[in-house]
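Visitor: Going by the numbering used here, 137 is the number at position 65 of the sequence shown; the sequence numbering is gapless.
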Amino acid sequence: MQWNGSTALVTGASRGIGRAVAKQAAAKGARVGLLARSKADLDQVLTDIGGKGAVAPADIAVRSEVDDAVKRVEAELGPIDILVANAGIGAYGPFADIDVDQVEHLVQVNLLGTVYPIKAVLAGMLERGRGHIVVVSSVAGRFGSPLEAAYASTKFAQIGLAEALGVEVAGKGVGVSVVNPGVVDTDFFEARGHLYDRPFPKPISADRVAAGVIKAVEKNLAEVFVPGPFKYAVAVRHVAPRLYRWGTRRSFKNEL
73 MQWNGSTALV
83 TGASRGIGRA
93 VAKQAAAKGA
103 RVGLLARSKA
113 DLDQVLTDIG
123 GKGAVAPADI
133 AVRSEVDDAV
143 KRVEAELGPI
153 DILVANAGIG
163 AYGPFADIDV
173 DQVEHLVQVN
183 LLGTVYPIKA
193 VLAGMLERGR
203 GHIVVVSSVA
213 GRFGSPLEAA
223 YASTKFAQIG
233 LAEALGVEVA
243 GKGVGVSVVN
253 PGVVDTDFFE
263 ARGHLYDRPF
273 PKPISADRVA
283 AGVIKAVEKN
293 LAEVFVPGPF
303 KYAVAVRHVA
313 PRLYRWGTRR
323 SFKNEL
């Protein structure tokens, strides 16, 4: 699907990856609906992308707010052709020490915050026989890294949702992609309460991830890793699981 002339909705659009996707989508000629909690931040993003879109403040974890936001965007810009489900939060630390309330909040934002916008746009896409859904997950959805058990569980769930949905809608004019970023240079780590301090892998820019999202839609790719070499690590995990677990334990030996 081409971005030019399409209506796109980006969740988590006020900063980081979402903001970068909004800019690149607008540059490609899309009308962009911007969804996040802060109207002031969204207004600034709308200005940055040249006013080619609409703002829809909403809490991604509240279904009624997401439904209303989708209706507002479609009323202003037309039916949504492309959804980029990007909103998400992180958590870090031994699973034994993480409060269940925090796990529930992760599920509400990362998983249900993906389900709600998909459900809000999917029926219309299928009826029109046109659409594309991008789920921005994480390499943490393919690798169960220590100290990220709560976060990784929601990311694994996102990938499972995208894979299953992609098969369900195949041949019906609707594409589904999952984009798995590695370490990204945004405020994500500060917001989760633990800064990224590992020497490898090196953080990449949000713009680089956004380029992966753009490519996923244009080429109808089922899965994109950013950076690409992470796909080889996935292969090792499946082909040699014992080696993968040994390497993971070794990598985190000073933190466990």
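Note that beta-carbon positions come from the ideal geometry of N, C-alpha and C, so glycine has one too.
Would you call the region 169-182 in contact with the region 93-112, where contact means no fewer than 3 C-beta pairs closer than 8 angstroms?
Guide: Verdict: no, contact absent.
Visitor: Note down the Cα distance separating E295 from N76, rounded to an integer number of angstroms.
Guide: Cα to Cα, E295 sits roughly 22 angstroms from N76.
Visitor: In this structure, does DSSP put V248 in helix, strand or coil?
Guide: Strand, per DSSP.
Visitor: R202 and G245: beta carbons closer than 9 angstroms?
Guide: In contact: R202 and G245 (Cβ atoms closer than 9 angstroms).
Visitor: Just to confirm the assignment, what range does the alpha helix (DSSP H) spanning R317 have?
Guide: Start and end: P313 to S323.
Visitor: For G122, I'd like the list of residues in its chain whose CB is within less than 7 angstroms of its CB, leaving aside the five on either flank, ordered along the chain.
Guide: The answer, listed in chain order, is A98.
Visitor: Quick check on the DSSP output: what are the complete beta strand (DSSP E) runs of length 3 or more inside the region 77-103, in order along the chain?
Guide: Whole beta strand (DSSP E) segments, 3+ residues: 79-83.
Visitor: By alpha-carbon positions, which one of S217, A222, A242 and S249 ends up nearest to G232?
Guide: For the residues S217, A222, A242 and S249, the minimum Cα distance to G232 belongs to S249.
Visitor: When the Cα of N158 is compared with those of E146, R91 and A307, which residue comes out closest?
Guide: If we check each option's Cα against that of N158, R91 comes out closest.
Visitor: Is K291 buried or exposed, if buried means 16 or more other CB atoms sit within 10 Å of its CB?
Guide: K291 should be labelled exposed.
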